[in-house]
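When you line the sequence shown up against UniProt numbering, it's residues 1 to 464, in that order.
Quick reminder that beta carbons are idealized off the backbone N, C-alpha and C, glycines included.
Note that the structure is a prediction, hence the values are computed from the model and not measured.
Quick notes on the structure that follows.
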Amino acid sequence: MTGLQHLENFKRSLPTGALCAFQKPHRLQKPSTKHGRDMFGQASVDGADHTLWNTGPGNMLSTMLSMAGYPEGSQAIHRAFFANTVAPSLGRHPAGSGIDESEWKSFMTDDNTPLELSWSWPAAQATPVVRYSVEPIGWGAGTASDPLNTHASVELLRQTPPLALGVDLTWYRYFLTTLTVPSISHHELGQHGYETLKDAGALSQSFIAFDLQNNSMVAKYYFMPALKARVTGKTTLEAVQEAIFGLPGGAGDSFAAPLKAVSDYMHSLPPSDRPVVEIVAIECMDPSKSRIKVYIRSQKTSFADMLDVMTLGGRTEPLSDKARAEIAELWCAVFGIGKTDKALSDSSLLQQRKHRTAGLLYYLELKPNMAHPKSKVYLPARHYADNDDRIAHDLSNFLSKRGKGLVGCDYYAGVTRLFRHGKLADGLGFHTYITCTIDGDGPVVTVYLNPGKCGSGIRGTVRS
Numbered sequence: 001m002t003g004l005q006h007l008e009n010f011k012r013s014l015p016t017g018a019l020c021a022f023q024k025p026h027r028l029q030k031p032s033t034k035h036g037r038d039m040f041g042q043a044s045v046d047g048a049d050h051t052l053w054n055t056g057p058g059n060m061l062s063t064m065l066s067m068a069g070y071p072e073g074s075q076a077i078h079r080a081f082f083a084n085t086v087a088p089s090l091g092r093h094p095a096g097s098g099i100d101e102s103e104w105k106s107f108m109t110d111d112n113t114p115l116e117l118s119w120s121w122p123a124a125q126a127t128p129v130v131r132y133s134v135e136p137i138g139w140g141a142g143t144a145s146d147p148l149n150t151h152a153s154v155e156l157l158r159q160t161p162p163l164a165l166g167v168d169l170t171w172y173r174y175f176l177t178t179l180t181v182p183s184i185s186h187h188e189l190g191q192h193g194y195e196t197l198k199d200a201g202a203l204s205q206s207f208i209a210f211d212l213q214n215n216s217m218v219a220k221y222y223f224m225p226a227l228k229a230r231v232t233g234k235t236t237l238e239a240v241q242e243a244i245f246g247l248p249g250g251a252g253d254s255f256a257a258p259l260k261a262v263s264d265y266m267h268s269l270p271p272s273d274r275p276v277v278e279i280v281a282i283e284c285m286d287p288s289k290s291r292i293k294v295y296i297r298s299q300k301t302s303f304a305d306m307l308d309v310m311t312l313g314g315r316t317e318p319l320s321d322k323a324r325a326e327i328a329e330l331w332c333a334v335f336g337i338g339k340t341d342k343a344l345s346d347s348s349l350l351q352q353r354k355h356r357t358a359g360l361l362y363y364l365e366l367k368p369n370m371a372h373p374k375s376k377v378y379l380p381a382r383h384y385a386d387n388d389d390r391i392a393h394d395l396s397n398f399l400s401k402r403g404k405g406l407v408g409c410d411y412y413a414g415v416t417r418l419f420r421h422g423k424l425a426d427g428l429g430f431h432t433y434i435t436c437t438i439d440g441d442g443p444v445v446t447v448y449l450n451p452g453k454c455g456s457g458i459r460g461t462v463r464s
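Have a look at this one:
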């Protein structure tokens with residue numbers, strides 16, 4: 001099938017209504033304060049905000065691609081997609097048309113920056129893969145015309161096929177219906193505690209992520225079921241279980257065993273210790289090839305608690321001694337703990353934080369007919385580490401010991417080059433999460449970075 005044929009098939013697969021006629025990608029325009037109307041008839045600021053997103057996070061993306069060793073042609077492809085398609089989707093920029101307290105609060109990052117960039121080192125690869133996640137934000141998001149910000153993600157997703165040639169929207173359409181609320185009035189939102197939901201970031205219902213390959217990318221979609229659960233009177237776990245078991249064509253049955261392991265573990269814990277389901281993620285590809293990832297957050301923050309969640313209380317295969325040692329060393333590097341032995345034996349919790357995103361985050365990867373999920377832990381560096389310089393230094397040592405780094409430099413030198421807003425030692429929050437899963441006995445490490453912390457107009461320390 002040619003790329004053009006694939007594109008036409010993709011257009012025909014889009015839902016009707018909000019997913020109207022396929023549009024060409026926006027072209028980046030010069031900065032301007034001219035006001036106009038976007039494709040949904042909403043007021044917009046033309047050009048200036050798009051340019052700021054492109055020259056800030058967009059240039060950071062360029063540097064990350066270069067330091068990861070992507071060929072120049074590949075860099076140009078991904079940079080053009082970001083400039084012409086992603087940057088226009090990110091809404092108001094704090095240094096452009098400005099953001100006030102009434103504007104949409106993205107749950108993507110703690111300072112509401114609607115995108116996050118990452119480097120991910122596969123177990124057998126010395127240089128990383130570049131990825132990024134975004135929450136597209138419409139100009140009317142949070143207002144009566146678009147109270148739940150439902151339009152912008154649709155528009156961005158429709159513009160991905162030229163690079164993500166394997167896009168399949170079967171599960172996207174299904175989970176969009178079962179895990180999100182498509183429309184709701186301000187009156188109804190008020191009945192469900194609008195201000196509380198808004199302040200908690202619970203109005204965000206979806207993110208889009210891209211894993212960048214040499215000349216293509218994999219598109220992923222993230223669903224946040226908190227609002228749907230609130231509106232339907234269910235827990236997020238109940239909402240997610242029902243959605244997965246109800247997959248079209250009986251596909252949900254193939255996930256019964258790993259999902260039962262998750263549910264049994266959750267219900268084995270006292271309600272006060274029970275993790276909360278935060279996100280369900282899929283790859284936008286043929287359902288037979290896609291995984292389902294269930295993200296859960298736990299307020300139990302000792303090293304022993306982390307291992308317990310990663311193995312679902314003994315319901316999965318145990319981690320080898322080598323794998324435990326690898327995770328312990330990374331734990332020490334991220335949180336500034338001096339000795340690995342202390343991490344392995346210490347049952348004390350990390351310092352208590354009251355922030356909405358405090359605690360440890362995990363994803364549990366479900367595959368059809370698996371006996372149990374595969375786990376990954378997300379260490380929230382922005383809440384529990386000393387400062388970004390300490391994280392960068394210790395993480396660089398961890399990666400270098402395993403033959404991993406960037407083209408022509410180690411991680412510390414690379415991340416210092418990325419951060420152009422003061423000194424890494426002066427703040428915390430540029431590193432959001434450091435994640436680890438085990439491939440064989442070796443660690444797969446991913447570093448998530450908040451571009452809002454390196455000069456896009458939002459700056460500060462995240463702890464609370």
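In the DSSP annotation of this structure, M370 is not part of any alpha helix (DSSP H), being labelled neither H nor E. The Cβ atoms of Y433 and Y378 sit closer than 8 Å to each other. In the DSSP assignment, K293 falls within the unbroken beta strand (DSSP E) covering 292–298.
The secondary-structure analysis by DSSP pairs L449 across a beta bridge with L117, H431. Only exposed fits A124, as fewer than 16 other CB atoms lie within 10 angstroms of its CB. For the pair I137 and W104, the CB atoms are nearer than the 8 Å cut-off. Taking 8 Å as the upper bound for CB-CB distance, L148 and L115 are not in contact here, some 19 Å apart. One Cα belongs to L157, the other to P248, and the distance between them is close to 22 Å.
G405 has its alpha-carbon roughly 5 Å from the corresponding atom of Y411.
In this structure, F430 sits away from L330, with a CB-CB distance that is not shorter than 8 Å. Contact between the region 319–333 and the region 354–373 is absent: fewer than 3 CB-CB pairs across the two stretches fall below 8 Å. Between D321 and T437, the alpha-carbon positions lie close to 14 Å from each other. When secondary structure is reduced to three states using DSSP, I327 falls in the helix class. Apart from sequence neighbours up to five positions away, the residues of its chain that approach I292 with a beta-carbon distance below 7 Å are I244, F255, V280, I282, L366, ordered along the chain. In the three-state DSSP reduction, Y172 falls in the helix class (H, G or I). By the 16-neighbour rule on beta-carbons within 10 angstroms, A371 is exposed. The bridge partners DSSP lists for D211 are R131, V218. Taking every protein chain shown into account, the CB of R382 has 16 or more other CB atoms within 10 angstroms, so this residue is buried. For T437, the pairing in a beta bridge is given by DSSP as V444.
Taking a cut-off of 8 Å on C-beta distances, the region 444–451 touches the region 105–114, as three or more cross pairs fall below it. The three-state reading of DSSP puts I282 in strand, counting E and B together. If the five residues before and after L350 are omitted, its C-beta is found closer than 7 Å to the C-beta atoms of T301, F335, Y384, all from its own chain and listed in chain order. Per DSSP, the unbroken alpha helix (DSSP H) holding E72 starts and ends at 72–81. Leaving aside the five residues that flank N369 on each side, the residues in its chain whose CB is nearer than 8 Å to its CB run, in chain order, S254, A257.
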